[in-house]
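**Student:** Letter by letter, the sequence shown follows residues 5 to 623 of this note's numbering.
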Amino acid sequence: MRDRIRSFLELLGRHPGGLTLRRAARLLGVPREEYREFRRDVLRILRQDQLRRDRGRFLLPGAAPAQGVGRSLNRERTTQRPQGDRLRAALPAAFQPASVETERALGMKELYAEFGLEAVFPPAVEREARASADAAPAEEPGREAQGGLRVLCIDPADARDHDDAISLEPLPGGGWRLGVHIADVSAFVAEGGALDREARRRGNSTYFYLDTVPMLPPLLSGQACSLSEGEDRAAMSVFMDLDADTAVRRVRVVRSRLRVTHAMSYEDAEAALLAPGNAEPAATLRAMDALASRLAAARAEGGALQFELPEIRPKDRGEGVEAFAPVPVLRSHHIVEEFMLAANHAVGRLLREQGRPALYRVHPPPSPDDVSALVTTLQHRRVAWRPGRVVRSADFQRLAQLLADRPDRQVLLMKLLRAMAKAVYAERDDGHFGLAWRDYLHFTSPIRRYADLEVHRTLKALMDETRGHALEHDFAPETRRPSAVIPRGARGRSMAELAGWLSDCELNSLRAERESLRLEMVLWARQRLGESFEAELAAVFPTGLLLRLPESGVEGFLPAQFLGREYFVYDEEREELRGEHSGLRFREGDRLPVRLVDANLYTRRLQFLLERDGDSDDT
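1) Have a look at R317 and E144 and give me their C-alpha separation to the nearest angstrom.
2) By Cβ distance, which residues of its chain are closer than 7 Å to A302, with the 5 residues on each side in sequence left out?
3) Check each candidate in Q150, A128, P391 and name the one with the smallest Cα separation from G197.
4) Can you list, in chain order, the residues of its chain with a C-beta nearer than 7 Å to that of G151? Leave out the 5 residues immediately preceding and following it.
5) Does the region 192 to 210 come close enough to the region 240 to 248 to have 3 or more Cβ pairs within less than 8 Å?
6) Exposed or buried, P546, counting other C-beta atoms within 10 Å across all chains shown (16 or more means buried)?
7) Whole angstroms is fine: what's the gap from L153's alpha carbon to N348's?
8) Can you give, in chain order, each stretch of the beta strand (DSSP E) that sits fully within the region 363 to 431 and has at least 3 residues?
9) Go ahead and pull the three-state DSSP assignment for G88.
10) How far does the alpha helix (DSSP H) with H349 in it extend, from its first residue to its last?
11) Would you kindly check if the distance between the Cβ of E342 and the Cβ of L299 is under 7 Å?
12) Name the DSSP beta bridge partners of Q611, please?
13) Helix, strand or coil: how does DSSP classify I451 here?
14) Taking the beta strand (DSSP E) that L277 falls in, what are its first and last residues?
15) By a C-beta neighbour count over all protein chains shown, 10 Å radius and 16 as the cutoff for buried, is K419 buried or exposed?
16) Grab me the residues of W528's own chain with a C-beta within less than 6 Å of its C-beta, minus the 5 sequence neighbours each way, in chain order.
17) Does E80 pass the burial test, meaning 16 or more other C-beta atoms within 10 Å, or should it be called exposed?
18) Assign D320 to one of three DSSP states: helix, strand, or coil.
19) Pick out whichever of A169, A398, R410 has its Cα sitting closest to the Cα of V387.
20) Less than 7 Å separating the beta-carbons of G359 and S397?
21) List the whole-angstrom C-beta distance separating L121 from V217, where the pair is believed to meet the contact cut-off of C-beta under 8 Å.
22) Considering only the alpha carbon of each residue, which of L55, R27, R40, Y116 lies closest to R2?
23) Does T210 pass the burial test, meaning 16 or more other C-beta atoms within 10 Å, or should it be called exposed?
24) Return the CA-CA distance between A455 and H19, expressed in angstroms with no decimal places.
25) Looking at the unbroken beta strand (DSSP E) that takes in G583, where does it start and where does it end?
26) What does DSSP give as the partner residue(s) for C157 in the beta ladder?
27) What residues in its chain sit with their C-beta under 6 Å from that of C157, if we drop five residues either side in the sequence?
28) Among the candidates R402, H460, L309, whose CA atom is the shortest distance from the CA of A362?
29) So, does the region 106 to 126 touch the region 519 to 536, judging by three or more C-beta pairs under 8 Å?
30) DSSP state of S190, grouped into three classes?
31) Looking at A465 and V258, is the spacing between their C-beta atoms short of 7 Å?
32) Whole angstroms is fine: what's the gap from A427's alpha carbon to E579's?
33) Assuming L562 contacts L551 (C-beta within less than 8 Å), just tell me the rounded distance between them.
34) Report the rounded CA-to-CA distance for R393 versus E305, giving the unit in angstroms.
35) Use the C-beta contact count for Y364: other C-beta atoms within 10 angstroms, 16 or more gives buried, fewer gives exposed.
36) Does any residue of chain B bring its CB to less than 7 Å from the CB of D602?
Following this line, the structure appears as structure tokens:
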């Protein structure tokens with residue numbers, strides 16, 4: 005109730021001429037069944053002298069009725085509203101809006117509790133982390149120094165940890181030696197200790213707009229383990245010898261002592277790629293870019309899915325979030341992505357050919373029912389696509405290409421993604437549908453993913469059996485054989501149970517990150533209640549419409565009960581709402597003029613209403 009009444013008072017602040025109760029309820033999207041309760045709450049604060057009523061309209065204390073009370077408030081008049089301090093001064097004290105910083109802090113506190121996240125580590129874990137950091141694993145005997153390499157670390161500008169770096173050298177006679185160097189977290193985290201148990205419990209790090217819930221204490225994740233420029237660090241280095249066709253012919257995994265020579269953001273790396281001349285690191289980056297392009301082409305030829313939907317991030321210049329925008333996809337992103345994929349695949353194949361059990365990253369193929377539903381949806385959109393009897397990733401890639409020039413491309417790509425299963429961890433290598441690969445696992449991010457830490461331990465156990473600090477393996481032409489049988493762990497927990505737990509942890513973090521972005525959108529939207537937008541219809545449900553603002557990715561809901569006075573029928577096959585009498589249709593991809601009417605901090609959801617010129621007030 006309190007949140008709705010505060011939204012009601014803020015709405016009155018934006019309508020200086022006042023509003024009838026029914027008009028306000030419609031603008032706020034109050035369901036019919038809740039109108040009586042809403043009216044009772046409004047009358048209660050009226051009796052407390054926190055509101056005024058004049059000729060059937062409710063006003064804030066001190067506000068004067070507008071001229072022409074019987075007319076609807078058109079767009080021009082709705083822009084004539086108190087702003088900033090004037091609006092805050094007009095609100096009753098009990099409903100004064102808190103600052104954005106306060107609202108964000110409260111919202112994040114609720115989000116942490118909702119998803120079971122903890123920012124603080126237990127004292128025993130912190131003590132063990134300090135002892136591990138003091139041990140300086142980079143200096144332990146037997147590590148192979150990589151001092152002669154030009155090693156690049158490319159990360160987001162605001163990255164809090166740096167767990168991967170890359171190098172590239174030409175091979176005599178042609179081909180390349182690609183080096184992927186990963187922080188040796190297992191050198192700091194003893195298996196079975198307090199630090200390990202806490203990392204396993206968390207499963208992975210969770211990243212928010214202004215905060216991080218790390219898997220490991222910041223002393224390790226942001227300092228001792230992190231591959232910092234100019235500092236010797238313990239690493240696990242994978243060197244892949246690629247032939248002229250980019251096929252990996254030989255792999256070498258080594259415990260290394262690594263020093264990053266160039267640390268840069270993705271934007272800095274992109275600028276270096278575009279800069280004239282052959283100074284370093286630009287020359288190395290250009291060679292890396294050329295190799296990454298060839299690796300991507302080889303994956304595409306093998307049937308891998310290669311399309312991207314924009315990642316939406318807040319834009320903040322130090323005074324709060326001012327907008328939301330898609331993150332530009334740069335060539336530097338593709339360099340790191342392709343090299344990490346190559347390393348994960350090479351390590352997976354190495355462990356399989358050595359007969360070692362491992363924790364795989366698998367992506368099941370879509371179910372026949374989901375594929376059939378997608379085909380039906382596309383038929384209604386006049387998209388001629390039908391996969392083969394055995395659905396392959398290449399079929400989905402062909403569909404993505406068919407959609408390339410359509411105005412509803414993003415909506416249909418979301419349909420494509422929803423038809424596919426989610427990637428998970430598993431003890432069996434059942435293949436990765438999206439990558440069109442087998443032998444795929446996660447090796448490259450042990451600072452933020454426990455699964456990668458487990459893979460590092462598997463590699464080290466194999467090294468210990470051979471009494472060396474390196475593994476060397478030649479890849480013959482591909483021949484398949486089954487993965488090794490998975491034994492039960494020393495503590496009675498099987499790898500299958502661990503895989504299930506880590507998959508659940510990952511899903512929990514993804515949901516928390518999604519909700520934190522919605523919180524930022526609500527905080528942004530609360531400053532824009534009453535404003536008009538053109539929205540894209542992103543999804544249709546029996547209960548209403550999910551709308552997306554195309555430029556920002558901000559999403560909100562429009563309940564079906566506010567689409568018009570008639571009843572709207574949901575057509576499940578066509579995925580549309582249709583007016584029972586008028587035949588008016590709402591379907592995904594439509595553009596609609598809407599007005600933002602509610603931004604609820606507790607549900608982290610926005611609500612829109614259709615913008616209709618000439619709306620009349622109900623008295």
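From the three backbone atoms N, C-alpha and C, an ideal C-beta is built for every residue, glycine too.
Every value quoted in this text rests on a predicted model; they were computed, and no experiment measured them.
**Tutor:** Reading off the structure:
1) Locating residue 317 in the sequence shown gives position 313, counting from the first residue. Locating residue 144 in the sequence shown gives position 140, counting from the first residue. One alpha carbon belongs to R317, the other to E144, and they sit about 41 Å apart.
2) The count along the sequence shown starts at 1 and reaches residue 302 at position 298. Contacts found: T250.
3) In the sequence shown, the residue the question calls residue 197 occupies position 193. Of the listed residues, the one whose Cα sits closest to G197 is A128.
4) On the sequence shown, position 147 is the one that residue 151 refers to. Within the same chain, G151 has close Cβ partners R263.
5) Not touching, per the Cβ criterion.
6) Here residue 546 is taken as the residue at index 542 of the sequence shown, counted from 1. So P546 ends up on the exposed side.
7) Here the question's residue 153 lines up with position 149 in the sequence shown. Here the question's residue 348 lines up with position 344 in the sequence shown. If I take the Cα positions, the gap works out to 21 Å.
8) Segments of the beta strand (DSSP E) lying fully in the region 363 to 431: 364 to 366, 428 to 430.
9) Walking along the sequence shown from the start, residue 88 turns up at place 84. The predicted position of G88 is uncertain, since its pLDDT is 43 and thus under 50; a value taken from the coordinates is nonetheless stated next. G88 falls in the helix class under three-state DSSP.
10) Position 345 of the sequence shown holds residue 349. Where H349 is concerned, the enclosing alpha helix (DSSP H) stretches over 335 to 357.
11) Taking the sequence shown and counting its residues from 1, one reaches residue 299 at position 295. Taking the sequence shown and counting its residues from 1, one reaches residue 342 at position 338. Going by C-beta atoms, L299 is nearer than 7 Å to E342.
12) The residue given as residue 611 occupies position 607 in the sequence shown. Bridge partners of Q611: F561, D602.
13) Taking the sequence shown and counting its residues from 1, one reaches residue 451 at position 447. In the three-state reduction of the DSSP assignment, I451 falls in the coil class, being assigned neither a helical nor a strand state.
14) The count along the sequence shown starts at 1 and reaches residue 277 at position 273. First-last for L277: 270 to 278, but that is the alpha helix (DSSP H), not the beta strand (DSSP E).
15) Locating residue 419 in the sequence shown gives position 415, counting from the first residue. Taking all protein chains shown into account, K419 has 16 or more neighbouring C-beta atoms within 10 Å of its C-beta and is therefore buried.
16) In the sequence shown, the residue the question calls residue 528 occupies position 524. Here W528 has V325 as same chain residues with Cβ atoms under 6 Å from its own Cβ, once five neighbours each way along the sequence are excluded.
17) Within the sequence shown, residue 80 is the residue found at index 76, counting from 1. The pLDDT assigned to E80 is 34, lower than 50, so where the model puts this residue is not dependable, and the model offers no usable value.
18) Start at 1 with the first residue of the sequence shown, and residue 320 comes out as number 316. Reduced to three states, the DSSP call for D320 is strand.
19) For the purposes of this step, residue 387 is taken as the residue at position 383 of the sequence shown. From the listed residues A169, A398, R410, the smallest Cα separation to V387 is found for R410.
20) On the sequence shown, residue 359 is found 355 positions in, with the first residue counted as 1. On the sequence shown, residue 397 is found 393 positions in, with the first residue counted as 1. Going by C-beta atoms, G359 is not nearer than 7 Å to S397.
21) Sequence index remark: in the sequence shown, residue 121 carries index 117 (1-based). Sequence index remark: in the sequence shown, residue 217 carries index 213 (1-based). About 5 Å separates the Cβ atoms of L121 and V217, confirming a contact at the 8 Å cut-off.
22) In the structure as shown, the chain begins at 5 and stops at 623. Residue 2 is therefore absent and cannot be evaluated.
23) Here residue 210 refers to the residue found at position 206 when the sequence shown is read from its first residue. With 16 or more neighbouring CB atoms inside 10 Å of its own CB, T210 falls in the buried class.
24) If you number the sequence shown from 1, residue 455 lands on position 451. If you number the sequence shown from 1, residue 19 lands on position 15. Spanning the two alpha carbons is a distance of roughly 54 Å.
25) Here residue 583 corresponds to residue number 579 of the sequence shown, with the count starting at 1. For G583, the enclosing beta strand (DSSP E) has its first and last residue at 580 to 583.
26) Residue mapping note: residue 157 aligns to position 153 of the sequence shown, counting from 1. DSSP output for C157 lists A267 as bridge partner(s).
27) The residue you call residue 157 lines up with position 153 of the sequence shown. So the qualifying residues of the chain are H166, A169, L231, V264, A267.
28) For the purposes of this step, residue 362 is taken as the residue at position 358 of the sequence shown. Check the Cα spacing between A362 and each of R402, H460, L309: the tightest is with H460.
29) Between the region 106 to 126 and the region 519 to 536, the count of C-beta pairs closer than 8 Å reaches three or more; the two stretches touch.
30) For the purposes of this step, residue 190 is taken as residue 186 along the sequence shown, with counting starting at 1. Correct three-state label for S190: helix.
31) Sequence index remark: in the sequence shown, residue 258 carries index 254 (1-based). Sequence index remark: in the sequence shown, residue 465 carries index 461 (1-based). No, the Cβ-Cβ distance between V258 and A465 is not below 7 Å.
32) Residue 427 sits at position 423 when you count from the first residue of the sequence shown. Residue 579 sits at position 575 when you count from the first residue of the sequence shown. Spanning the two alpha carbons is a distance of roughly 26 Å.
33) As a working note, residue 562 is residue 558 in the sequence shown. As a working note, residue 551 is residue 547 in the sequence shown. Their Cβ separation, rounded to whole angstroms, is 6 Å, which keeps L562 and L551 in contact under 8 Å.
34) Here residue 393 is taken as the residue at index 389 of the sequence shown, counted from 1. Here residue 305 is taken as the residue at index 301 of the sequence shown, counted from 1. If you draw a straight line from the Cα of R393 to the Cα of E305, it is about 20 Å long.
35) Indexing the sequence shown from 1 puts residue 364 at position 360. Classification of Y364: buried, given that the 10 Å Cβ count is 16 or more.
36) Reference to chain B is not applicable here, since this structure consists of a single protein chain.
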